[in-house]
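Numbering of the sequence shown is given in this note's numbering, commencing with residue 1 and proceeding in unit increments. First the structure, in the form of C-alpha cells, and then the observations on it.
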Amino acid sequence: MGGDHAPEAQVEGAVLALRAGIGPVTLVGNAGEVEAELERQKVPPGTFTIVHAAETVAMDESPTYALKRKRDASIAVATRLVRDSKACALVSCGSTGAQVASSILHLGRLPGVERPAIAVAFPGTRGWGVLIDAGANAQNRPSHLVGFAVMGTLYLRHIFGVAEPRVGLVSIGEEAAKGNELVVEAHRLLGLTLGINFIGMVEGRGVYTGGADVLVCDGFVGNVLLKFSESASHWVVHHLREGMRGRPLVALGGLLMRPAFRYFRRKCSPSSIGGAPLLGVKGTSIIAHGSSDAEAVFNAIAMARRLVNERVNEKITANLRLEPPEER
C-alpha cells in the first residue's frame with residue numbers, strides 16, 4: 001500500500017483488475033485504512049482478501065536495516081505471501097530499495113542468476129525496448145551485465161513480442177575499447193555469450209535511436225538514465241506550454257496538435273506499462289512508480305500476470321544454464 005496516492009490508487013487499480021478478469025487480488029497494508037477506502041469507493045465487502053500489516057518502510061530509511069527491524073512491514077508481509085505460494089506475484093508502489101531487498105531476502109535468486117536487475121520498458125523508435133539494470137545494483141562485475149543481457153532479451157521477447165532483440169551495452173562511445181574496465185570487459189563477454197544478439201556499444205545519444213532493443217548497464221548508470229528521461233519528458237512539455245503562452249496563433253496550432261501531445265505524454269508515462277519487474281528472483285516482483293495512479297496500478301497487476309503466465313522465470317533459468325564465458 002505504498003506510494004504517493006495510497007491506498008486510493010491501489011484499491012481503484014485492484015478493482016479495475018478484477019473487472020478485467022485478473023485476480024483474485026490480495027491487498028496488504030493497514031487493514032483499517034484499506035477497509036475505509038474500500039467503503040469510500042463502495043466496493044462490496046468480501047471482494048478482496050485483506051492482509052493486515054501494521055508497519056511501512058519510509059523512503060528515507062535504509063531498506064536492509066528497516067526490514068530487519070520491521071518484520072510486519074507491508075512489503076515484507078506481501079513478499080512472504082509470494083514465497084509461501086499464497087500469492088503468484090507482488091506489486092508495490094513503495095520504496096524501490098525495500099522491495100528489491102525484500103524480494104532478494106525472502107524469495108531468493110533464480111539458479112544461475114548472480115544479481116537480479118530492474119528491467120524498465122521504454123518507447124524507442126523501433127517499438128518497445130528495455131533498460132536493464134535500472135537501479136537494483138549500484139556496483140557490478142562484467143559477468144553481472146551478461147546476466148542482465150540474457151534476462152532483458154527474454155523479457156522483451158516473451159512479454160513484448162520482439163523476436164530477436166538487439167542488445168547494446170551503454171558506454172561513452174561506440175568503439176569496443178571505450179569505457180571503464182567494467183564496460184570493456186563486459187563488451188568482450190557479451191560478444192561470446194550464446195542466446196543473445198549483441199550489437200556492441202551504444203552511447204548516450206543512441207539510447208532511444210541507436211538500434212538496440214535491450215540497453216545493458218550497471219544499476220547506477222541505469223537509474224541516472226531513467227530519472228533523466230523522466231525529467232526530460234516533463235521539460236519538453238513545460239517548454240511547449242511556455243512557447244504557446246501569449247501567442248494566439250501558436251496556441252491555435254497547439255490545439256490542432258493536441259492528439260499528438262497526448263500520444264507523446266502517454267508514451268512517456270509510467271502508467272502505460274504500470275511497472276518494472278525485478279528479474280532474477282524466485283517469484284514475480286513488479287516495481288511500480290511511486291506516483292502511480294489507478295491505471296498504472298492496474299497495468300502493473302496485468303504485467304505481473306503476463307510474467308507468471310509466460311513462465312519468464314523458467315526461461316531465464318533454462319537460458320542461464322548455458323555455459324557462460326569467463327571473466328579475465
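Every residue gets a Cβ at the ideal spot worked out from N, C-alpha and C, and that includes glycine. What you are looking at is a predicted structure, and each value in this text was computed from that prediction instead of being measured.
What does residue i pair with, by DSSP beta-bridge criteria?
i	result
leucine 16	BP columns for leucine 16 are empty, so no partner.
methionine 303	In DSSP, methionine 303 forms no bridge with anything.
isoleucine 316	DSSP lists no partner for isoleucine 316.
asparagine 197	Arg166
alanine 288	Gly275
isoleucine 118	Leu278
leucine 131	Val120 and Leu215
If you draw a straight line from the C-alpha of residue i to the C-alpha of residue j, how long is it?
i	j	result
glycine 3	leucine 192	42 Å
threonine 47	asparagine 309	23 Å
alanine 296	glycine 275	7 Å
lysine 42	lysine 315	41 Å
cysteine 268	glycine 243	20 Å
leucine 279	alanine 212	19 Å
asparagine 306	leucine 252	Residue identity check: residue 306 is arginine in the sequence provided, not asparagine. Between arginine 306 and leucine 252, the C-alpha separation is close to 42 Å.
phenylalanine 261	serine 74	38 Å
leucine 27	glutamine 99	16 Å
leucine 107	leucine 154	20 Å
phenylalanine 160	alanine 302	13 Å
valine 183	phenylalanine 122	22 Å
leucine 240	arginine 205	22 Å
valine 226	alanine 87	First, the residue type needs correcting, since residue 226 is leucine and not valine in the sequence shown. Computed Cα separation, rounded: 29 Å.
glutamate 230	glycine 32	35 Å
arginine 247	glycine 254	10 Å
glutamate 114	histidine 144	6 Å
threonine 331	alanine 288	Any property of residue 331 remains undetermined from this structure, which presents the chain solely from 1 to 328.
methionine 257	histidine 234	17 Å
glycine 200	valine 281	27 Å
phenylalanine 198	leucine 189	10 Å
asparagine 319	arginine 69	37 Å
histidine 52	arginine 83	17 Å
glycine 203	isoleucine 118	It should be noted that the sequence gives glutamate, not glycine, for residue 203. So the alpha carbons of these two residues sit roughly 20 Å apart.
alanine 36	glycine 195	50 Å
isoleucine 273	phenylalanine 298	9 Å
glycine 222	glycine 283	23 Å
alanine 176	glutamate 326	18 Å
Which whole-angstrom value describes the C-beta separation of residue i and residue j, a residue pair presumed to lie in contact below a C-beta threshold of 8 Å?
i	j	result
glycine 23	valine 57	That belief does not hold up - the Cβ atoms of glycine 23 and valine 57 are roughly 26 Å apart, past 8 Å.
isoleucine 286	valine 91	5 Å
aspartate 218	aspartate 133	6 Å
alanine 294	leucine 16	6 Å
alanine 25	leucine 18	One point to set straight first is that residue 25 is valine, not alanine, in the sequence displayed. Yes, they are in contact, since the Cβ atoms of valine 25 and leucine 18 sit about 6 Å apart, within 8 Å.
alanine 186	proline 142	4 Å
threonine 96	glycine 135	6 Å
valine 214	glycine 168	7 Å
glycine 112	arginine 321	6 Å
valine 216	glycine 152	7 Å
proline 7	glycine 29	6 Å
alanine 76	serine 103	Wrong, their Cβ atoms sit about 10 Å apart, outside the cutoff.
leucine 156	valine 130	5 Å
Is residue i helix, strand or coil when you go by DSSP?
i	result
valine 150	helix
threonine 209	coil
proline 123	strand
histidine 106	helix
glycine 274	coil
alanine 101	helix
asparagine 223	helix
glycine 161	coil
serine 229	helix
valine 214	strand
valine 113	coil
alanine 9	helix
serine 85	coil
serine 92	strand
isoleucine 75	helix
glycine 204	helix
glycine 3	coil
glycine 173	coil
arginine 188	helix
arginine 321	coil
asparagine 180	coil
glutamate 310	coil
alanine 296	helix
arginine 328	coil
arginine 141	coil
Does any residue of chain D have a CB that is nearer than 9 Å to the CB of residue i?
i	result
histidine 289	In the structure shown, chain D does not exist; there is a single protein chain.
inquiry  = For a minimum of 3 consecutive residues, which ranges assigned as the beta strand (DSSP E) are wholly contained in the stretch 234-275?
reply    = none
task = Output the residue ranges of the beta strand (DSSP E) runs that lie fully inside the stretch 11-73 and measure 3 residues or longer, sorted by chain position.
result = 26-29 and 49-52
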